[in-house]
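Here is the structure we will look at.
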Amino acid sequence: MSKPSPAVVTEIGNAAKRDDVPAFRAGDTIKVHVKVVEGSRSRVQVFQGVVIRIHGSGVGRTFTVRKVSFGVGVERTFPLHSPIFEQIEVVTRGDVRRAKLYYLRNLTGKKAKIKERREA
């Protein structure tokens, strides 16, 4: 079996990409509207939190969102070009100096608050 040419791989990747994803960075607070299928019914569940990392490139790009739910930190990783979610909303833009915000895992309360970025 021969390998597919890079042009074919790129073409398939571009066909699978979503164009309705807004631009966001690490530190931004976003709402991800996730489709949840329970038996024969499906509903939309909103997962709101801070983007702590964006990883990869192309079709395989993923992002991780962290929120604190009832005192427990919850992180969820989503493929950026996945049909799993209906939409992504950017709630606030965060002002951070890192690409990976893993240090937020060790902070609680007001220390874990991210300063809001002011648009000039």
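What the sequence shown shows, in our numbering, is residues 2 to 121, in sequence order.
A virtual CB, placed ideally from N, CA and C, is assigned to each residue, including glycine.
Keep in mind that this is a model prediction, so the values were computed, not measured.
Beta-carbon proximity check, residue i vs residue j, cutoff 7 angstroms
i, j, result
"K18", "H82", "yes"
"V33", "I115", "no"
"V60", "K68", "no"
"R77", "F48", "yes"
"I53", "L108", "no"
Nearest-angstrom beta carbon gap, residue j and residue i [assumed within contact, 8 angstroms]
i, j, result
"F86", "F79", "6 angstroms"
"V51", "G95", "7 angstroms"
"P23", "V91", "5 angstroms"
Neighbour-count burial assignment, residue i, 16 or more Cβ in a 10 Å radius
i, result
"D29", "buried"
"V38", "exposed"
"T65", "buried"
"L1", "Given that the chain is displayed from residue 2 to residue 121, the structure contains no residue 1 and the question cannot be resolved."
"I31", "buried"
"V97", "buried"
Segment limits, beta strand (DSSP E) that includes residue i
i, result
"G57", "First-last for G57: undefined, no H or E at that position."
"E1", "The displayed coordinates of the chain run from 2 to 121. Any statement about residue 1 would go beyond what the structure contains."
"I115", "Here I115 belongs to no beta strand (DSSP E), and DSSP marks it neither H nor E."
"P80", "V73 to P80"
"S70", "T63 to S70"
"V37", "T30 to E39"
Alpha helix (DSSP H) segment containing residue i, residue limits
i, result
"V10", "P7 to A17"
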